[in-house]
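*Asks:* Let me give you the structure first, and then I'll get to my questions.
Number of protein chains: 2
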Amino acid sequence: MLLATLVAVAFLSAPLIPTSTLAEAPSTADPLPSWNDGAAKQAILDFVKATVDQSSRDYVPPEDRIATFDQDGTTWVSHPLYGQALFALDRLAEMAPKHPEWKDTEPFKSVLDGDHAAIAKFTEKDWFEIVAVTHAGMSSTDFAAIVADWLPKSSNPVFKRPVTELVYQPMIEVMHYLRANGFRTYIVTGGGQDFVRVYSLQVYGIPPEQVIGSSIVTKYEMADGKPVLMRDPKLFFNDDFDGKAIGINLFIGKRPQIAFGNSDGDKEMLQWATGGDRPGLGLLVLHDDAERELAYGPASGLPDTSVGTFSQALMDTANESGWTVISMKNDWKTIFAGGIKKAE
Amino acid sequence: MLLATLVAVAFLSAPLIPTSTLAEAPSTADPLPSWNDGAAKQAILDFVKATVDQSSRDYVPPEDRIATFDQDGTTWVSHPLYGQALFALDRLAEMAPKHPEWKDTEPFKSVLDGDHAAIAKFTEKDWFEIVAVTHAGMSSTDFAAIVADWLPKSSNPVFKRPVTELVYQPMIEVMHYLRANGFRTYIVTGGGQDFVRVYSLQVYGIPPEQVIGSSIVTKYEMADGKPVLMRDPKLFFNDDFDGKAIGINLFIGKRPQIAFGNSDGDKEMLQWATGGDRPGLGLLVLHDDAERELAYGPASGLPDTSVGTFSQALMDTANESGWTVISMKNDWKTIFAGGIKKAE
Numbered sequence: 099m100l101l102a103t104l105v106a107v108a109f110l111s112a113p114l115i116p117t118s119t120l121a122e123a124p125s126t127a128d129p130l131p132s133w134n135d136g137a138a139k140q141a142i143l144d145f146v147k148a149t150v151d152q153s154s155r156d157y158v159p160p161e162d163r164i165a166t167f168d169q170d171g172t173t174w175v176s177h178p179l180y181g182q183a184l185f186a187l188d189r190l191a192e193m194a195p196k197h198p199e200w201k202d203t204e205p206f207k208s209v210l211d212g213d214h215a216a217i218a219k220f221t222e223k224d225w226f227e228i229v230a231v232t233h234a235g236m237s238s239t240d241f242a243a244i245v246a247d248w249l250p251k252s253s254n255p256v257f258k259r260p261v262t263e264l265v266y267q268p269m270i271e272v273m274h275y276l277r278a279n280g281f282r283t284y285i286v287t288g289g290g291q292d293f294v295r296v297y298s299l300q301v302y303g304i305p306p307e308q309v310i311g312s313s314i315v316t317k318y319e320m321a322d323g324k325p326v327l328m329r330d331p332k333l334f335f336n337d338d339f340d341g342k343a344i345g346i347n348l349f350i351g352k353r354p355q356i357a358f359g360n361s362d363g364d365k366e367m368l369q370w371a372t373g374g375d376r377p378g379l380g381l382l383v384l385h386d387d388a389e390r391e392l393a394y395g396p397a398s399g400l401p402d403t404s405v406g407t408f409s410q411a412l413m414d415t416a417n418e419s420g421w422t423v424i425s426m427k428n429d430w431k432t433i434f435a436g437g438i439k440k441a442e
Numbered sequence: 099m100l101l102a103t104l105v106a107v108a109f110l111s112a113p114l115i116p117t118s119t120l121a122e123a124p125s126t127a128d129p130l131p132s133w134n135d136g137a138a139k140q141a142i143l144d145f146v147k148a149t150v151d152q153s154s155r156d157y158v159p160p161e162d163r164i165a166t167f168d169q170d171g172t173t174w175v176s177h178p179l180y181g182q183a184l185f186a187l188d189r190l191a192e193m194a195p196k197h198p199e200w201k202d203t204e205p206f207k208s209v210l211d212g213d214h215a216a217i218a219k220f221t222e223k224d225w226f227e228i229v230a231v232t233h234a235g236m237s238s239t240d241f242a243a244i245v246a247d248w249l250p251k252s253s254n255p256v257f258k259r260p261v262t263e264l265v266y267q268p269m270i271e272v273m274h275y276l277r278a279n280g281f282r283t284y285i286v287t288g289g290g291q292d293f294v295r296v297y298s299l300q301v302y303g304i305p306p307e308q309v310i311g312s313s314i315v316t317k318y319e320m321a322d323g324k325p326v327l328m329r330d331p332k333l334f335f336n337d338d339f340d341g342k343a344i345g346i347n348l349f350i351g352k353r354p355q356i357a358f359g360n361s362d363g364d365k366e367m368l369q370w371a372t373g374g375d376r377p378g379l380g381l382l383v384l385h386d387d388a389e390r391e392l393a394y395g396p397a398s399g400l401p402d403t404s405v406g407t408f409s410q411a412l413m414d415t416a417n418e419s420g421w422t423v424i425s426m427k428n429d430w431k432t433i434f435a436g437g438i439k440k441a442e
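Top to bottom, those sequences are chains E and F. Residue 194 in my numbering sits at position 96 of the first sequence, and the numbers go up by one each step. Residue 109 in my numbering sits at position 11 of the second sequence, and the numbers go up by one each step.
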């Protein structure tokens with residue numbers, strides 16, 4: 099998936115734009131003011147009402163109320179590049195002066211040269227080398243500091259804003275609404291667990307222990323008499339597709355009742371949430387708003403993409419399974435807090 | 099570790115003793131009434147006071163207050179066999195009628211024959227086969243039901259009581275006290291995560307998502323149109339020794355301030371809790387009460403054991419690191435709720 103994104107945009111300027119404070123859901127009778135009235139909004143309201151009503155057949159005790167959210171394309175912008183891919187590229191450029199050998203070593207040379215044609219032919223091994231040097235070889239503490247330092251300097255190429263500003267206000271409202279009704283909200287991402295944990299509390303109000311993601315191996319070592327966890331360039335857990343159901347069971351040990359996704363990698367999470375003994379609500383965000391955000395599918399005849407693919411097969415499964423498809427164009431009154439628009 | 103325990107006791111009667119309700123800490127000015135006044139009790143009280151006092155240099159905000167507890171030998175009895183080893187043996191005996199081939203197949207034959215000499219020579223591979231047939235090959239839901247069914251029928255050979263009755267009342271009080279002071283309490287066990295999660299809420303007041311343990315691989319499958327997670331006989335994560343620090347970081351992403359253990363496998367967890375920027379409190383339970391419970395070490399000249407070894411090296415590390423050693427004999431006024439005593 100990094101492949102297509104890197105082809106699209108090779109090098110990014112990283113202007114220092116401070117991360118703005120995210121707007122809180124306003125105090126109003128409507129808990130979801132950024133949603134237009136419609137089937138998606140009503141499905142959420144009805145499901146939560148039934149879940150918390152002790153006289154309802156579908157009542158769920160508070161300790162079991164779990165809602166899971168995919169991140170890329172579900173709670174924040176993931177086009178033309180995943181936020182974490184932006185990080186990997188920026189980091190590679192930042193590290194390059196201390197690695198003069200990269201000028202003559204693939205795959206780094208092609209990246210540093212901005213050689214789109216070569217990048218387009220990168221193998222899995224090439225990509226793994228890029229992730230290895232940017233995400234491993236340091237302690238967990240140092241990695242978190244590197245990410246925290248990068249976030250306010252980050253810039254999405256379409257919006258020219260830091261990645262942490264490009265969260266969907268309707269989803270922030272849903273998180274608030276669910277928590278107000280006793281749900282615990284989790285991020286369940288194919289992205290890096292340790293990457294997302296750096297900003298999850300600030301951006302989503304979700305603490306690190308409620309972020310489940312992909313992870314690499316860490317090694318316990320003593321450094322100057324202090325224990326550290328060193329990040330190894332080996333995949334430990336791939337929290338995508340079936341890994342999302344497996345990860346939810348591994349980390350929580352309970353099934354969610356509500357799950358939000360947007361792409362083929364979220365299918366199993368939604369099946370897991372909606373396929374148990376209790377009723378479950380599965381929702382998929384469809385990026386069909388080319389004007390305010392982006393339009394891609396290829397479900398519903400939208401342009402094809404390899405970044406956050408919403409295939410026609412997933413749409414078919416959604417229809418068969420009674421999942422709710424959220425149209426960004428029709429269901430969302432507001433997309434970003436603060437009236438953020440695409441850069442021209 | 100299963101080796102030594104199986105040699106000690108081969109087959110156990112499993113009388114139907116109902117699991118009694120655990121006593122709650124009585125409402126009193128003393129939050130730790132089962133503890134004798136002394137250094138260990140005072141260390142806990144002082145540390146918690148400093149942690150929650152906003153004017154203290156050692157103040158920790160509530161969202162960061164984490165306490166971790168090893169289970170076997172720290173919160174419940176682990177001699178002469180780990181609770182989960184009792185389960186594996188009982189389960190093997192229960193499954194045997196449907197596996198007539200086991201009568202002639204090692205390692206099952208030796209177990210079913212009660213052949214202690216042969217069992218004593220079991221290889222790692224033999225032990226793995228026993229775990230494979232008793233802990234894998236079923237769905238996660240079915241495994242939880244099997245464990246839940248077994249628990250009230252379980253019987254520790256020394257106390258002739260179900261394993262869930264043999265929890266240390268002083269530790270239950272500490273858990274209550276910590277939670278009352280804003281800490282989240284976690285079990286961090288070398289035992290099976292999915293095993294402990296079955297009873298953790300009932301026994302410790304700790305929900306499944308706060309149980310970190312060893313785990314096997316699970317596979318996502320569809321069965322009759324419903325998703326299931328099938329348990330595979332392959333180790334996924336070994337939550338012991340360095341794995342305890344790694345597991346804490348993986349599952350919580352925050353360092354504990356307080357960690358309780360009792361054996362060599364807990365060293366890294368205590369280092370992780372006490373080796374960060376903030377002050378940390380590490381505590382180790384020493385089983386030195388042969389009369390009321392059991393006495394083993396070999397630290398402090400107590401009898402050697404391969405089940406929950408507290409080595410002299412660990413004692414040396416504890417002393418160098420300023421960790422608190424809890425003497426069951428001297429520090430604990432009460433060991434079990436309900437006056438449970440050894441069977442004669």
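Beta carbons: idealized from backbone N, C-alpha and C, even for Gly. Just so we're clear, the structure is a prediction, and the values are computed from it rather than from any experiment.
Would you grab the beta carbon distance between I310 (chain E) and G345 (chain E) for me? Rounded to a whole angstrom, and I think it's under 8 Å.
*Replies:* Yes, they are in contact, since the Cβ atoms of I310 (chain E) and G345 (chain E) sit about 5 Å apart, within 8 Å.
*Asks:* How would you list, in chain order, the residues of chain F whose beta-carbon sits under 9 Å from the beta-carbon of R277 (chain E)?
*Replies:* Result: empty, since nearest Cβ-Cβ is about 14 Å, beyond 9 Å.
*Asks:* By alpha-carbon positions, which one of E:L190, E:Q410, E:R390 ends up nearest to G399 (chain E)?
*Replies:* When only C-alpha atoms are compared, the closest one is E:Q410.
*Asks:* Use the C-beta contact count for N254 (chain F): other C-beta atoms within 10 angstroms, 16 or more gives buried, fewer gives exposed.
*Replies:* Flag for N254 (chain F) reads buried.
*Asks:* For L333 (chain F), is the classification buried or exposed, using 16 other Cβ atoms within 10 angstroms of its Cβ as the cut-off for buried?
*Replies:* The residue is exposed, with fewer than 16 neighbouring Cβ atoms inside 10 Å.
*Asks:* Report yes or no: do the stretch 421-437 of chain F and the stretch 196-215 of chain F share at least 3 C-beta pairs separated by less than 8 Å?
*Replies:* No, the stretch 421-437 of chain F is not in contact with the stretch 196-215 of chain F.
*Asks:* Give the interface partners of E161 (chain F) over in chain E, defined as CB-CB distance under 7 Å, in chain order.
*Replies:* The contacting residues are P305.
*Asks:* Using the C-alpha atoms, what's the distance from E366 (chain E) back to K439 (chain E)?
*Replies:* Taking the straight line joining both Cα atoms gives about 33 Å.
*Asks:* Looking only at its chain, what residues have a beta carbon closer than 7 Å to the beta carbon of P377 (chain F), apart from the 5 residues adjacent to it on each side?
*Replies:* Correct list, in chain order: D156.
*Asks:* Let me check one thing: in DSSP terms, what residues is G359 (chain F) bridge-paired to?
*Replies:* According to DSSP, which records beta bridges pairwise, G359 (chain F) is partnered with F:L382.
*Asks:* Beta carbon of F339 (chain E), beta carbon of G363 (chain E): below 7 Å?
*Replies:* A contact, by the Cβ cut-off of 7 Å.
*Asks:* Around the C-beta of D450 (chain E), are 16 or more other C-beta atoms found within 10 angstroms, so that it is buried, or is it exposed?
*Replies:* Residue numbering for chain E in the displayed model covers 99 to 442; residue 450 (chain E) lies beyond these limits and cannot be assessed.
*Asks:* Step through the CB atoms of chain E and report whether any lies within less than 7 Å of the CB of D338 (chain F).
*Replies:* No - not a single Cβ of chain E is within 7 Å of the one on D338 (chain F).
*Asks:* Is the Cβ-Cβ distance between S237 (chain F) and M328 (chain F) less than 7 Å?
*Replies:* The answer is yes: Cβ separation under 7 Å.
*Asks:* V309 (chain E) by DSSP, collapsed to three states: which one?
*Replies:* DSSP places V309 (chain E) in strand when its eight states are reduced to three.
*Asks:* Return the residue from the list E:R353, E:E222, E:G289, E:P250 that minimises the CA-CA distance to T77 (chain E).
*Replies:* No answer is possible for residue 77 (chain E): it lies beyond the span of chain E, which begins at 99 and ends at 442.
*Asks:* Whole angstroms are fine: how far does the CA of F293 (chain E) sit from the CA of Q182 (chain E)?
*Replies:* Using only the alpha carbons, I get a separation of about 8 Å.
*Asks:* Is the beta carbon of L264 (chain E) less than 7 Å from the beta carbon of V175 (chain E)?
*Replies:* Going by C-beta atoms, L264 (chain E) is nearer than 7 Å to V175 (chain E).
*Asks:* CB A186 (chain F) to CB T232 (chain F), shorter than 7 Å?
*Replies:* Yes; because the gap between Cβ atoms is below 7 Å, this pair is in contact.
*Asks:* Can you tell me whether S312 (chain E) is buried or exposed, with buried defined as 16 or more other CB within 10 angstroms of its CB?
*Replies:* Buried: at least 16 other Cβ atoms inside 10 Å.
*Asks:* Who are the near neighbours of T287 (chain E) in its chain, counting only those whose CB is closer than 8 Å to its CB and skipping five residues on each side?
*Replies:* Result list for T287 (chain E): D168, Q169, D170, V294, V309, I310, G311, S312, D337, in chain order.
*Asks:* Please list, in chain order, all residues of the same chain as I138 (chain F) whose beta carbon is under 8 Å from its beta carbon, the five residues on each side excluded.
*Replies:* At residue 138 (chain F) the sequence reads Ala, which differs from the Ile that was named. Hits under 8 Å: L381, T422, V423, I424, S425, D429.
*Asks:* Which two residues bound the contiguous alpha helix (DSSP H) that contains P331 (chain E)?
*Replies:* From DSSP, P331 (chain E) is part of no alpha helix (DSSP H) but of the beta strand (DSSP E) over 324-335.
*Asks:* Beta-carbon of P325 (chain F) versus every beta-carbon of chain E: anything under 7 Å?
*Replies:* Yes, because at least one Cβ of chain E sits closer than 7 Å to the Cβ of P325 (chain F).
*Asks:* Label G341 (chain F) either buried or exposed according to how many other C-beta atoms from any shown protein chain fall within 10 Å of its C-beta, with 16 as the threshold for buried.
*Replies:* The residue is buried, with at least 16 neighbouring Cβ atoms inside 10 Å.
*Asks:* I need the DSSP call for A165 (chain E), collapsed to helix, strand or coil.
*Replies:* Of the three classes helix, strand and coil, the one that applies to A165 (chain E) here is strand, per DSSP.
*Asks:* Starting from the Cα of E192 (chain F), find the closest Cα among F:A397, F:G136, F:S252, F:N134 and give me that residue.
*Replies:* Nearest of F:A397, F:G136, F:S252, F:N134 to E192 (chain F), Cα basis: F:S252.
*Asks:* Taking F349 (chain E) as the query, report the chain F residues whose CB atoms sit under 8 Å from its CB, ordered along the chain.
*Replies:* Chain F residues near F349 (chain E): E307, F349.
*Asks:* Excluding five sequence neighbours on each side, which residues of the same chain lie with their C-beta closer than 7 Å to the C-beta of R163 (chain E)?
*Replies:* Only T149, G280, F281, R282, Q355 meet the Cβ criterion.
*Asks:* Which runs of the alpha helix (DSSP H) fall wholly inside the stretch 125-157 of chain F and span at least 4 residues, in chain order?
*Replies:* Correct list: 137-150.
*Asks:* Would you say E366 (chain F) reaches chain E, if we count a Cβ-Cβ gap shorter than 7 Å as a contact?
*Replies:* It does: the Cβ of E366 (chain F) has a partner Cβ on chain E nearer than 7 Å.
*Asks:* DSSP has S425 (chain E) in a bridge; who is on the other side?
*Replies:* According to DSSP, which records beta bridges pairwise, S425 (chain E) is partnered with E:L384.
*Asks:* How long is the line joining the alpha carbons of D330 (chain F) and V229 (chain F), rounded to whole angstroms?
*Replies:* Straight-line Cα distance between these residues: approximately 11 Å.
*Asks:* Can you pull the chain F residues whose beta carbon is under 7 Å from the beta carbon of T316 (chain E), in chain order?
*Replies:* By Cβ distance, chain F contributes I344, N347.
*Asks:* Between the Cα of P306 (chain E) and those of F:Y266, F:I350, F:D188, spot the shortest distance and give me the residue it belongs to.
*Replies:* The residue with the shortest Cα to Cα distance from P306 (chain E) is F:I350.
*Asks:* If you count every other CB in all the chains shown that lies within 10 Å of the CB of H197 (chain E), and 16 or more means buried, which is it?
*Replies:* Exposed: under 16 other Cβ atoms inside 10 Å.
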